[in-house]
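Going down the list, the sequences are from chains D and E.
Here the UniProt record's numbering is used: the first residue of the first sequence is 1, the next is one more, and so on.
Here the UniProt record's numbering is used: the first residue of the second sequence is 1, the next is one more, and so on.
Using N, Cα and C, we set each Cβ at its ideal position, and we do this for glycine too.
Accompanying notes for the structure given below.
There are 2 protein chains.
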Amino acid sequence: MARPEDPTARERILDAAHPLFYERGIRAVGMAEVVAAAGTGKQALYRHFPGKDELVLAYLERFAELLDASTARTLDGLEGADGLRALIRLVERRVGARGYAGCPFRNYLREMRDPRDRPGRFALRQVRALRRLVERYAAEAGVADPGALAEEVWLIVEGVYAGAPYPERRAMAAAAVGRVDALLI
Amino acid sequence: MARPEDPTARERILDAAHPLFYERGIRAVGMAEVVAAAGTGKQALYRHFPGKDELVLAYLERFAELLDASTARTLDGLEGADGLRALIRLVERRVGARGYAGCPFRNYLREMRDPRDRPGRFALRQVRALRRLVERYAAEAGVADPGALAEEVWLIVEGVYAGAPYPERRAMAAAAVGRVDALLI
DNA sequence: GTCTATATGTGGATAGAC
DNA sequence: GTCTATCCACATATAGAC
């Protein structure tokens, strides 16, 4: 008999892929492992996602939705120096959170060595979007050289994300908050 | 007839492995490719290196010798604030150099997700050694809170290394030099 | 028809044998 | 240096359950 299509299959697959990809990396996790974790069949996976690239892209897109929504809530209504201060504190909270394993977009770009495939282009867009937000806040901050301020803050943000996977991440994030505050006295 | 062992075989293998591992990453390069590039036989490789881990470790160790020698020359006789200023300029030159593809030790640690194997422990020691140098210089700089200064400089160093593979790397490195100088007015 | 599960094909990896 | 063995990756095809 015909079974009705399971509308939750796609979500179940992504739910299963998420922790695997995030904690262990993309290359280290095979499609077979995703299938096993999802409890779905291999055929179902390849119907929803033609190939691994599409699955990875969907994983990154869903991750981005989560992060973007959280970012929008946290920074809602802020601008200028207030925005920069709130943003560095947001990054601090994220890298200090339990289970944090690096920025998923930077992770992918590093793992694949600056890939130009669709997941890579998407990841780069996400990183650049945050960079543009820093530039916007810097422009609103009323300083003499907004470009230099943005460059300085961005350097600190990248430093936090770079140190994030290591035990020192919380100390580095705390130092970052202090540095940005000092820049904006 | 028995051919005499080639004393340069080990060096030839490492010479061949170096650009492959550095430019494309460790996991992306197979032993067969190293053999082909080295022009030596598979047997010769496995005689010099029991497995890939040993080859990778030797690659990292040789890279470290090169970098450490260059670091020692550049920072010879310096201390305190002068040391910190020279160090950030050294990092700036490195990430701005042609063919730069990231810090090889950070690359390995990221690619393998914080590995505890011998190459991973060696890479971590290299990163920590630079960190300790920053701490030493900060302690000599005669500031009120040397620990905070070291943390701030280290954050900037990590930020430069993090942004290094991207096109923005030179601008980020220049900003880093300015930030450290400003910290040490 | 859509699922699960198994079998298969191709490619590439490490590693050893001769 | 070539050949083989094992293993695992992505992807496809097929067989049976509902």
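Give every residue of the same chain whose Cβ lies closer than 8 Å to the Cβ of A2 of chain D, excluding the five residues on either side of it in the sequence, and list them in chain order. Here A2 of chain D scores only 42 on pLDDT, less than 50, and its place in the model should not be relied on; the value that follows carries that caveat. There are no such residues.
First and last residue of the alpha helix (DSSP H) that includes F21 of chain E? A9 to R24
How many angstroms separate the CA atom of V35 of chain D from the CA atom of T8 of chain D? 14 Å
Rounded separation between A37 of chain D and K52 of chain D - CA only: 15 Å
Cβ contact (3+ pairs, closer than 8 Å) linking the region 125-135 of chain E and the region 114-131 of chain D: no
Using DSSP with H/G/I as helix, E/B as strand and the rest coil, what is G88 of chain D? Just to set this straight, residue 88 of chain D is Ile in the shown sequence, not Gly. The answer is helix: DSSP assigns I88 of chain D an H, G or I state.
Buried versus exposed call for A69 of chain D [16 or more other C-beta atoms within 10 Å across all chains shown]: exposed
Anything in chain D within Cβ reach of L25 of chain E, meaning under 7 Å, just list it in chain order. The question names Leu, but residue 25 of chain E in the sequence shown is Gly. The contacting residues are R113.
Apart from the five residues on each side of it in sequence, which residues of its chain come closer than 6 Å, Cβ to Cβ, to A164 of chain D? V95 and G102
Where L155 of chain D meets chain E, residues with beta-carbon distance less than 8 Å: I156, G159, V160, G163, M172, A175, A176 and R179
At the 8 Å Cβ level, is E33 of chain D part of the contact set with chain E, yes or no? no
Classification of G142 of chain E by the beta-carbon crowding that lies within 10 angstroms, buried from 16 upward: exposed
Please work out which residues of its chain come closer than 7 Å, Cβ to Cβ, to A16 of chain D, disregarding the five sequence neighbours upstream and downstream, and give them in chain order. V34, A37 and A38
What does the alpha-carbon distance come out to for the pair I185 of chain E and F63 of chain D? 42 Å
Out of E:R118, E:R110 and E:E140, point me to the one whose CA is closest to L57 of chain E's CA. E:R118
Which residue comes first and which comes last in the alpha helix (DSSP H) that contains A173 of chain D? R169 to L183
By DSSP, does A115 of chain E sit in helix, in strand, or in coil? First, the residue type needs correcting, since residue 115 of chain E is Pro and not Ala in the sequence shown. DSSP places P115 of chain E in coil when its eight states are reduced to three.
Please work out which residues of its chain come closer than 6 Å, Cβ to Cβ, to G25 of chain E, disregarding the five sequence neighbours upstream and downstream, and give them in chain order. E111
In chain E, which residues lie less than 7 Å from E152 of chain D when you measure between Cβ atoms? A175 and R179
So which residues of chain D does R110 of chain E contact, with C-beta pairs closer than 7 Å? R110
Same chain, Cβ closer than 8 Å to Y108 of chain E, neighbours up to 5 away in sequence not counted: I26, V56, L60, P115, P119, G120 and A123
Count Cβ pairs between the region 173-182 of chain D and the region 40-48 of chain E that sit closer than 8 Å; are there 3 or more? no
6 Å CB neighbourhood of E135 of chain E in its chain, flanking five on each side removed: A150
Count the other CB atoms, across all protein chains shown, that sit within 10 Å of the CB of R106 of chain D; report buried if there are 16 or more and exposed otherwise. buried
Count the other CB atoms within 10 Å of the CB of R169 of chain D; is the residue buried (16 or more) or exposed (fewer)? buried
Could you tell me if A97 of chain E is buried or exposed, where buried requires 16 or more neighbouring beta carbons within 10 angstroms of its beta carbon? exposed
Leaving out five residues on either side along the sequence, give the residues of the same chain with a beta carbon under 6 Å from the beta carbon of E23 of chain D. A101
Identify the continuous alpha helix (DSSP H) that holds G147 of chain D and give its terminal residues. P146 to G163
Could you check which residue in D:Y166, D:P146, D:A175 and D:G147 has the C-alpha nearest to that of I156 of chain E? D:A175
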